[in-house]
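Peer 1: I'd like to ask some things about the structure below.
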Amino acid sequence: MSKNDLSRKKFLTAASGKIPESMHKIDRRQFLKQTSAGSALLFTSKYFSQSVSTDSQVEIIIDEPIETISPDIYGHFTEHIGGVIYDGIWVGENSSIPNIGGIRKELVDYMKRLKPSVVRWPGGCFADSYNWRDGIGPREQRPLRPNFWINNRFSQKAPDGPTKYDSNHFGTHEFVHFCRLIGAEPYIAVNVRSATPKDFYEWVDYCNAPAGTTTLAMERETNGSVKPFNVRYWGVGNESWGCGGDFTPEEYAMEFRRFTSWVPNFGQNLALIPAGPSGGDTSWTSKFFTKLTERRRQYLNRVYGWALHYYCGTSGKGQATDFTDEDYYELIVKANRMETLINQHWSAMGEVDKNHRVKLIVDEWGAWHRAGSEVHPTHLFGQTSTMRDALIAALTLDTFNRNADKVIMSNVAQLINCLHSLFLASEDRFIVTPNYYVFDMYSAHQSGQSLKTVFSTPEINITRRGRTEQLWGLNGSASLHEKKLVLTVVNPSLDKSRNTEIIVHGAKIKSGEAKTLSEADVRLHNSFNNPNAVFPKENIINIKRGSLVYTSPPASVVRLIFELA
Ligand code: AHR
13 MSKNDLSRKK FLTAASGKIP ESMHKIDRRQ FLKQTSAGSA LLFTSKYFSQ
63 SVSTDSQVEI IIDEPIETIS PDIYGHFTEH IGGVIYDGIW VGENSSIPNI
113 GGIRKELVDY MKRLKPSVVR WPGGCFADSY NWRDGIGPRE QRPLRPNFWI
163 NNRFSQKAPD GPTKYDSNHF GTHEFVHFCR LIGAEPYIAV NVRSATPKDF
213 YEWVDYCNAP AGTTTLAMER ETNGSVKPFN VRYWGVGNES WGCGGDFTPE
263 EYAMEFRRFT SWVPNFGQNL ALIPAGPSGG DTSWTSKFFT KLTERRRQYL
313 NRVYGWALHY YCGTSGKGQA TDFTDEDYYE LIVKANRMET LINQHWSAMG
363 EVDKNHRVKL IVDEWGAWHR AGSEVHPTHL FGQTSTMRDA LIAALTLDTF
413 NRNADKVIMS NVAQLINCLH SLFLASEDRF IVTPNYYVFD MYSAHQSGQS
463 LKTVFSTPEI NITRRGRTEQ LWGLNGSASL HEKKLVLTVV NPSLDKSRNT
513 EIIVHGAKIK SGEAKTLSEA DVRLHNSFNN PNAVFPKENI INIKRGSLVY
563 TSPPASVVRL IFELA
């Protein structure tokens, strides 16, 4: 057992045991001894100081890489629902709101900074009632169709408009244009419930056939795009256990086989994504894979990734911006369930896919709150996100980073004016939510090597549904990018700061920078009247000889970037 292994074992024991908080206070001299292979830094700033006693440790183990963090983990989801497309993304070419070919310019400018990698569209449940032909050709000639969500109670009360009667002004060309503007790959969900495999093949043909080769390629050219769109990611249905057709897993596996028996690929390595389970429904996973492969195991090769959906919400009376401390902790605990879900579905998949050829795609995730905080009466599910949601985003992205060997894509639901959104907009008003800042901070992880990271910190006592429980005191993820090390850390406690020693096994730190997103009140959020109520603060780090200690304030997200020697 190496020296690293020994010290790691010791810290792991500390992390899992129920040790009283006082015993976790670690003597600074002891720290210095333990960090011989690690860093020797001293931070002085509000969150970095020499004089604090420490109560936690984070160990980053350079020589234990997990897997490359797929940039697609930082993906997004946009559906024709409420105010996501109309009012959110699409304002129209003749709008007085600054736009690029009809697409809200401010959104494009912010999105470009995030390196957004991939965007899923047109749904969600909407996808299984969508006819892609409705959304091509001259806009004024496109048909008006009832939107899938028109029957929702919220929509029924809303004024008429494109969110009830879809104008189809935003179709395939507009979506691909949006993706190109922000530097993301398009991920299209096709209609399985109310369309045929032929419609799917023709959509692929329209998008991907080389210029002039097929009638649909020529139609694409007439509609303004000579060059193919080269769409690689195709979702075969959405939530096929529910709004996507009410299939049994066996029936859906047969549909998937039928839809994917032949797809024109035009030289593209198409990535076909079946509709996976909701939350912990491992029987959907097991039965799908069993049925898919009942005749030939090779059918596994048709599956690029298995699409899990998981939303967290609270059972209390609270809503998006007005909730109790118990509601807060309940949401944290529920979001934390993502790690268990990944592992459960991974083992269920492994029963059939022994070599784990197929990885997971979490193409809908986020917090889903009660209605009442929308910025416009047509914005179905258009909740306002607070600091609490920022913590949910951060701990979920950390979970994906830690599981980079299993998760290859994720799409937060949904980009703008909806659940867990990064932006809120209505007509000419536009703001970023605290979730945006988390994506901005965490984008530094993209394409890095996820590293084994051990958090040793006292658990916190929380009250949830009237009962006391324990929750981890700190968690996060780390990634290596040649000589750059990125560490992100979430402190969920509403009242405790964590003074944390950082130990890097296998490298020395030369310099570092820090960013902290934290507000005394987790209910704080940005609004059109107060757009900068929540934003991250940069921390100046003075590096001297000594130990590396940083402080995570209560309810905070911290990102540290180190330059390694
Ligand atoms: O994101 C909102 C809806 O939630 C999606 O349309 C659906 O797939 C899920 O149930």
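The sequence shown: position 409 = 421 (the working numbering), numbered continuously. Beta carbons are placed, not taken as given, at the ideal position from N, Cα and C, and that holds for glycine.
Go ahead and label Gly95 buried or exposed: buried means 16 or more other beta carbons lie within 10 angstroms of its beta carbon, across all protein chains shown.
Peer 2: One-based indexing of the sequence shown puts residue 95 at position 83. Counting Cβ neighbours within 10 Å, Gly95 comes out buried, since at least 16 surround it.
Peer 1: Tell me, which residues are paired with Gly94 by DSSP?
Peer 2: What you label residue 94 is simply residue 82 of the sequence shown in a count that begins at 1. According to DSSP, Gly94 bridges with nothing at all.
Peer 1: Which value, in whole angstroms, describes the spacing of the CA atoms of Thr226 and Phe271?
Peer 2: As a working mapping, residue 226 is identified with position 214 in the sequence shown. As a working mapping, residue 271 is identified with position 259 in the sequence shown. So the alpha carbons of these two residues sit roughly 21 Å apart.
Peer 1: In the DSSP output, what is His321 paired with across the bridge?
Peer 2: What you label residue 321 is simply residue 309 of the sequence shown in a count that begins at 1. Paired residue(s): Ser290 and Glu376.
Peer 1: Tell me which residue opens and which closes the beta strand (DSSP E) that Ile200 is part of.
Peer 2: Against the sequence shown, residue 200 aligns to sequence position 188. Element bounds for Ile200: Glu197 to Val202.
Peer 1: Which value, in whole angstroms, describes the spacing of the CA atoms of Val419 and Leu372?
Peer 2: Numbered from its first residue, the sequence shown carries residue 419 at position 407. Numbered from its first residue, the sequence shown carries residue 372 at position 360. Distance between the alpha carbons of Val419 and Leu372: 5 Å.
Peer 1: Could you spell out where the alpha helix (DSSP H) holding Tyr218 opens and where it closes?
Peer 2: Position 206 of the sequence shown holds residue 218. Note, Tyr218: alpha helix (DSSP H), Pro209 to Asn220.
Peer 1: Comparing alpha-carbon positions, which option in Thr445, Lys366 and Leu572 lies nearest Arg405?
Peer 2: Taking the sequence shown and counting its residues from 1, the one referred to as residue 405 is at position 393. It is Ala, not Arg, that sits at residue 405 in the sequence shown. That would be Thr445, whose Cα lies nearest to the Cα of Ala405.
Peer 1: So, is Ser108 buried or exposed, given that buried needs 16 or more other C-beta atoms within 10 angstroms?
Peer 2: The residue labelled residue 108 in the question sits at position 96 within the sequence shown. So Ser108 counts as exposed.
Peer 1: By how many angstroms is the C-alpha of Lys496 removed from the C-alpha of Ser48?
Peer 2: Within the sequence shown, residue 48 is the residue found at index 36, counting from 1. Within the sequence shown, residue 496 is the residue found at index 484, counting from 1. Its pLDDT being 28, under 50, Ser48 is placed unreliably by the model, and the measurement read from it follows with that caveat. Straight-line Cα distance between these residues: approximately 20 Å.
Peer 1: Using CA coordinates, which residue listed in Asp334, Glu262 and Asn313 is at the minimum distance from Ser273?
Peer 2: Translated into positions along the sequence shown, residue 273 becomes position 261. Of the candidates Asp334, Glu262 and Asn313, the one whose C-alpha sits nearest the C-alpha of Ser273 is Asn313.
Peer 1: Anyone know if the C-beta pair for Val202 and Trp246 falls short of 8 Å?
Peer 2: Here residue 202 refers to the residue found at position 190 when the sequence shown is read from its first residue. Here residue 246 refers to the residue found at position 234 when the sequence shown is read from its first residue. Closer than 8 Å, so yes.
Peer 1: Can you name the start and end residues of the alpha helix (DSSP H) that Val120 belongs to?
Peer 2: In the sequence shown, counting from the first residue as 1, residue 120 sits at position 108. Taken as a continuous stretch (DSSP letters only), the alpha helix (DSSP H) holding Val120 covers Lys117 to Arg125.
Peer 1: With distances taken between CB atoms, is the gap from Ser509 to Thr475 smaller than 8 Å?
Peer 2: Translated into the one-based positions of the sequence shown, residue 509 becomes position 497. Translated into the one-based positions of the sequence shown, residue 475 becomes position 463. Going by C-beta atoms, Ser509 is not nearer than 8 Å to Thr475.
Peer 1: Using CA atoms only, rank isn't needed, just tell me which of Gly478, Leu436, Asp365 and Gly394 is closest to Thr336.
Peer 2: The residue labelled residue 336 in the question sits at position 324 within the sequence shown. Out of Gly478, Leu436, Asp365 and Gly394, Gly478 has the C-alpha closest to the C-alpha of Thr336.
Peer 1: Buried or exposed for Lys299, please, with buried defined as at least 16 other CB atoms from any protein chain shown within 10 angstroms of its CB.
Peer 2: Translated into the one-based positions of the sequence shown, residue 299 becomes position 287. Buried, because 16 or more other Cβ atoms sit within 10 Å of the Cβ of Lys299.
Peer 1: Given 7 Å as the limit, tell me if Gln426 has its C-beta closer than that to any heavy atom belonging to ligand 1.
Peer 2: Indexing the sequence shown from 1 puts residue 426 at position 414. Yes - ligand 1 has a heavy atom lying nearer than 7 Å to the Cβ of Gln426.
Peer 1: Can you tell me which of Ile344, Thr90 and Pro174 puts its alpha carbon nearest to the alpha carbon of Pro389?
Peer 2: Residue numbering aside, residue 389 sits at position 377 when the sequence shown is read from its first letter. When only C-alpha atoms are compared, the closest one is Pro174.
Peer 1: Name the two residues that bound the continuous alpha helix (DSSP H) containing Ser167.
Peer 2: Within the sequence shown, residue 167 is the residue found at index 155, counting from 1. Counting along the chain, the alpha helix (DSSP H) containing Ser167 begins and ends at Arg165 to Lys169.
Peer 1: Beta carbon of Gly135: closer than 7 Å to some heavy atom of ligand 1?
Peer 2: Counting from one through the sequence shown, the residue named residue 135 turns up at place 123. Yes, the Cβ of Gly135 comes within 7 Å of a heavy atom of ligand 1.
Peer 1: Could you compute how far the alpha carbon of Glu575 sits from the alpha carbon of Ile78?
Peer 2: Position 563 of the sequence shown holds residue 575. Position 66 of the sequence shown holds residue 78. Glu575 and Ile78: Cα-Cα distance of roughly 20 Å.
Peer 1: In chain order, what residues of the same chain have a beta carbon less than 6 Å from the beta carbon of Met453, not counting five sequence neighbours either side?
Peer 2: Position 441 of the sequence shown holds residue 453. Closer than 6 Å at Cβ, skipping near neighbours: Lys527 and Arg571.
Peer 1: Where does Arg151 fall in DSSP's three states?
Peer 2: Position 139 of the sequence shown, counted from the start, is the residue given in the question as residue 151. Looking at Arg151 - three-state DSSP - the assignment turns out to be helix.
Peer 1: Counting contacts by CB-CB distance shorter than 8 Å, is Gln482 in contact with chain C?
Peer 2: Checking the listed chains, one finds no chain C in this structure; it contains a single protein chain.
Peer 1: Can you tell me whether DSSP reads Tyr142 as helix, strand or coil?
Peer 2: For the purposes of this step, residue 142 is taken as residue 130 along the sequence shown, with counting starting at 1. Looking at Tyr142 - three-state DSSP - the assignment turns out to be coil, as it is neither helix nor strand.
Peer 1: Roughly how many angstroms lie between the CA atoms of Pro289 and Val450, to the nearest whole one?
Peer 2: Locating residue 289 in the sequence shown gives position 277, where the first residue counts as 1. Locating residue 450 in the sequence shown gives position 438, where the first residue counts as 1. One C-alpha to the other measures close to 27 Å.
Peer 1: Verify the contact flag: Leu431, CB atom, against every heavy atom of ligand 1, threshold strictly below 7 Å.
Peer 2: Indexing the sequence shown from 1 puts residue 431 at position 419. Because some heavy atom of ligand 1 lies under 7 Å away, the Cβ of Leu431 counts as near it: yes.
Peer 1: Using 8 Å for Cβ pairs, my map puts Asn228 next to Ala402. What's the rounded Cβ distance?
Peer 2: For the purposes of this step, residue 228 is identified with residue 216 of the sequence shown, where counting begins at 1. For the purposes of this step, residue 402 is identified with residue 390 of the sequence shown, where counting begins at 1. Note that residue 228 is Leu in the sequence shown, not Asn. The Cβ separation is near 43 Å, so there is no contact.
Peer 1: Using CA atoms only, rank isn't needed, just tell me which of Ile194, Ser65, Pro150 and Glu525 is closest to Arg232.
Peer 2: Within the sequence shown, the letter at position 220 stands for residue 232. Looking at the Cα atoms, Pro150 is the closest of the given residues.
Peer 1: In terms of residue numbering, what span does the beta strand (DSSP E) encompassing Gln69 cover?
Peer 2: By one-based count along the sequence shown, residue 69 stands at place 57. From DSSP, the beta strand (DSSP E) with Gln69 extends over Ser68 to Thr80.
Peer 1: Quick test of the definition: if touching needs 3 or more C-beta pairs under 8 Å, does the segment 121-141 touch the segment 151-160?
Peer 2: Touching, yes, given that three or more Cβ pairs across the two stretches are closer than 8 Å.
Peer 1: Compute the Euclidean distance between the alpha carbons of Ile344 and Thr326, then round it to the nearest angstrom.
Peer 2: Translated into positions along the sequence shown, residue 344 becomes position 332. Translated into positions along the sequence shown, residue 326 becomes position 314. Taking the straight line joining both Cα atoms gives about 10 Å.
Peer 1: I want to check one thing, is the minimum distance from the CB of Glu251 to the heavy atoms of ligand 1 below 7 Å?
Peer 2: Start at 1 with the first residue of the sequence shown, and residue 251 comes out as number 239. Checking every heavy atom of ligand 1 against the Cβ of Glu251, one is found closer than 7 Å.
Peer 1: With the cut-off set at 8 Å, would you say Ser455 and Ser491 are in Cβ contact?
Peer 2: As a working note, residue 455 is residue 443 in the sequence shown. As a working note, residue 491 is residue 479 in the sequence shown. The answer is no: Cβ separation not under 8 Å.
Peer 1: Which residue's Cα is closest to the Cα of Thr302: Ser206, Glu363, Asn164 and Glu481?
Peer 2: The residue given as residue 302 occupies position 290 in the sequence shown. Nearest C-alpha to Thr302: Glu363.
Peer 1: Tell me, which residues are paired with Leu4 by DSSP?
Peer 2: The first residue shown for the chain is 13 and the last is 577, placing residue 4 beyond what the model contains.
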